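K.L.:
Numbering (the numbering used here), first residue to last: 249 to 482. All residues carry an ideal CB built from backbone N, CA and C; glycine is no exception. For clarity, every value in this text was computed on a predicted model and none was experimentally measured.
1. Starting from the C-beta of residue 364, find all residues in its chain whose C-beta is less than 7 Å away, skip the five residues before and the five after it, and write them out in chain order.
2. Buried or exposed, going by whether 16 or more other CB atoms sit within 10 Å of the CB of residue 427?
3. Check whether the segment 428-446 and the segment 455-468 are in contact - that is, three or more C-beta pairs closer than 8 Å.
4. Just how far apart, CA to CA, sit residue 380 and residue 475?
5. In the DSSP assignment, find the unbroken beta strand (DSSP E) run with residue 465 in it and report its ends.
6. At what residue ranges does the segment 378-429 contain a whole run of the alpha helix (DSSP H), taking only runs of 4 or more?
7. Would you mind reading off the limits of the beta strand (DSSP E) that contains residue 440?
8. Where residue 453 and residue 377 are concerned, what is the direct C-alpha to C-alpha distance, given to the nearest angstrom?
9. How big is the Cα-Cα spacing for residue 425 and residue 407?
10. What did DSSP end up calling residue 362 once you bin it into helix, strand or coil?
11. Could you check which residue in 472, 471, 460 has the C-alpha nearest to that of residue 352?
12. Going by C-alpha distance, which of 361, 387, 404, 388 is nearest residue 395?
13. Grab the span of the beta strand (DSSP E) containing residue 353 for me, first residue to last.
14. With a threshold of 8 Å (Cβ to nearest heavy atom), would residue 464 be considered close to the ligand GTP?
15. Identify, in the order they occur along the chain, each residue of the same chain with its Cβ nearer than 8 Å to the Cβ of residue 398, setting aside the five sequence neighbours on each side.
16. Are residue 392 and residue 360 touching if we call contact CB-CB under 9 Å?
17. With DSSP collapsed to three states, give me the class of residue 367.
18. Is the separation between the beta-carbon of residue 355 and that of residue 384 shorter than 9 Å?
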């Protein structure tokens, strides 16, 4: 009995007697693989199984087509929005838009005591899109006014506009700027001549070079207060 227990029996025999022979066989197989192929194969044998890239489930073609269709719809909406915005700005401006700084305006077609509207982009955070009125009083007497009423800030009208003359004050054929919101009237020199406007129009610095007027949009002068008849009396 003593010889059976403590004779030439190894740990491998004890494990087989205890019913753990399968673990011994797996260990021996791993050790044999390590001896033949080195640590790379042994590591692969004992590394947890991970699916290869080729074993992943391919994407559903219907799902891919749906994502492509949604992307096309979004891009189409963006293009339509950009196109509509550009069309709106072109119609509102009534002509080519001039951007900031010094703007050259052709005055060769302006007769004395007449004006023209020019769409501009102003260097102002509160008012970026507006019109300026370039007025020609004489050969070298040219003014440039901001085409906005000093009363409520409405866009002023020139003769020829369909709404011109429908305000609260009739012009009796005089060439003036009209405010369709509050009924104010401004003369060609920018003075407030009727309605509730509190002061004259704001004006820009202008330099005349032959048939071109250089309007400096960076230099705007606030119009002087309105002079009433009572204040003008001595």
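P.N.:
According to the structure shown:
1. Non-local C-beta neighbours of residue 364 in its own chain, meaning closer than 7 Å and more than five positions away in sequence, comprise 358, 382, ordered along the chain.
2. In the assembly as shown, residue 427 is a buried residue. Its beta-carbon has 16 or more other beta-carbons within 10 Å.
3. Verdict: no, contact absent.
4. Counting only the Cα atoms, residue 475 lies some 24 Å from residue 380.
5. Unbroken beta strand (DSSP E) run through residue 465: 460-469.
6. Secondary structure in the segment 378-429: no alpha helix (DSSP H) run of 4 residues or longer lies completely within the stretch.
7. Per DSSP, residue 440 belongs to the beta strand (DSSP E) from 440-442.
8. Going from the Cα of residue 453 to the Cα of residue 377 covers about 19 Å.
9. Cα-Cα distance, rounded: 8 Å.
10. Reduced to three states, the DSSP call for residue 362 is strand.
11. In terms of Cα proximity to residue 352, the closest of 472, 471, 460 is 460.
12. Taking the Cα of residue 395 as reference, the smallest distance to any Cα among 361, 387, 404, 388 is reached at 404.
13. It spans 350-354 - the beta strand (DSSP E) in which residue 353 sits, taken as one unbroken run.
14. This structure lacks the ligand GTP; in fact it carries no ligand of any kind.
15. Shown here for residue 398: same chain residues with a beta carbon closer than 8 Å to its own, the five before and five after excluded, namely 432, 440, 445, 446, 447, 448, 449, 450, 471 in chain order.
16. Annotated as distal: residue 392 and residue 360, with beta-carbon spacing of 9 Å or more.
17. Strand.
18. Contact: yes.
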